[in-house]
Amino acid sequence: MRAQGRGARMVVARASMQAPTTDDTVPEGHKGLHATLYEAGDSAAAHADAVYRPVEGEDDGGAVMPAEEYAQARDGSKPPGVFALYDQDRVLQYVGFSRNIVLSIRTLRARMGADRVAFVRALVVANQWRPTQAAT
Numbered sequence: 001m002r003a004q005g006r007g008a009r010m011v012v013a014r015a016s017m018q019a020p021t022t023d024d025t026v027p028e029g030h031k032g033l034h035a036t037l038y039e040a041g042d043s044a045a046a047h048a049d050a051v052y053r054p055v056e057g058e059d060d061g062g063a064v065m066p067a068e069e070y071a072q073a074r075d076g077s078k079p080p081g082v083f084a085l086y087d088q089d090r091v092l093q094y095v096g097f098s099r100n101i102v103l104s105i106r107t108l109r110a111r112m113g114a115d116r117v118a119f120v121r122a123l124v125v126a127n128q129w130r131p132t133q134a135a136t
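Heads up, the sequence shown is in the UniProt record's numbering, so the first residue is 1 and it goes up one at a time.
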């Protein structure tokens, strides 16, 4: 194989002979990201406590309820799904989807203001976990 063009140089990349990165060898500064991306440890055990149980009549997309009340009732949980935000007059302001509706509501309420994020309608989807590193 030969480089083309005047003064062109070819750089050959050598395969790294380093051991593959595992849960135990992740650099300290990357552990949080690694855990988020790959759900470090036993995925079944890690997800056992994290499964959100939808509240009938509130998480099925039918009820419009106060946004702060919705978020407080689910504090510490991470319901995934689709949600709509309404202002104080119940006029639609925003529609979105999120892996954590509670966090999204709180973030948007801080950005847009409590008057524009006064009510929420949420449709929580089934808890489907992404594949983990352990599964590969």
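Idealized CB from N, CA, C, for every residue including glycine.
Asked                                                                                                       : Found
Top-ranked residue by Cα proximity to P80, from M65, A110, G29, R53                                         : R53
Local Cβ density within 10 Å of L58, reported as buried at 16 or more and exposed below that                : Here residue 58 turns out to be Glu, not Leu, going by the sequence shown. Under this definition E58 is a buried residue.
Buried versus exposed, by CB contacts within 10 Å (16 or more), V95                                         : exposed
Separation of A110 from T22, as counted between CA atoms                                                    : 38 Å
Alpha-carbon spacing of V120 relative to V51, whole angstroms                                               : 21 Å
First through last residue of the beta strand (DSSP E) which encompasses Y70                                : Per DSSP, Y70 belongs to no beta strand (DSSP E); it is in the alpha helix (DSSP H), 67–73.
Reduced DSSP category for A63 - H, G, I as helix; E, B as strand; rest coil                                 : coil
L85 classed as buried or exposed, judged by whether at least 16 other C-beta atoms fall within 10 angstroms : buried
Straight-line gap, A114 to G76 (C-alpha atoms, nearest Å)                                                   : 21 Å
C-alpha distance - G32 paired with V26, whole-angstrom precision                                            : 10 Å
Distance between beta carbons of D87 and R106, contact taken as under 8 Å                                   : Rounded, the Cβ-Cβ distance is 17 Å, inconsistent with contact.
Buried or exposed (CB count within 10 angstroms, at least 16 for buried), V124                              : buried
DSSP state of R106 mapped onto helix, strand, coil                                                          : helix
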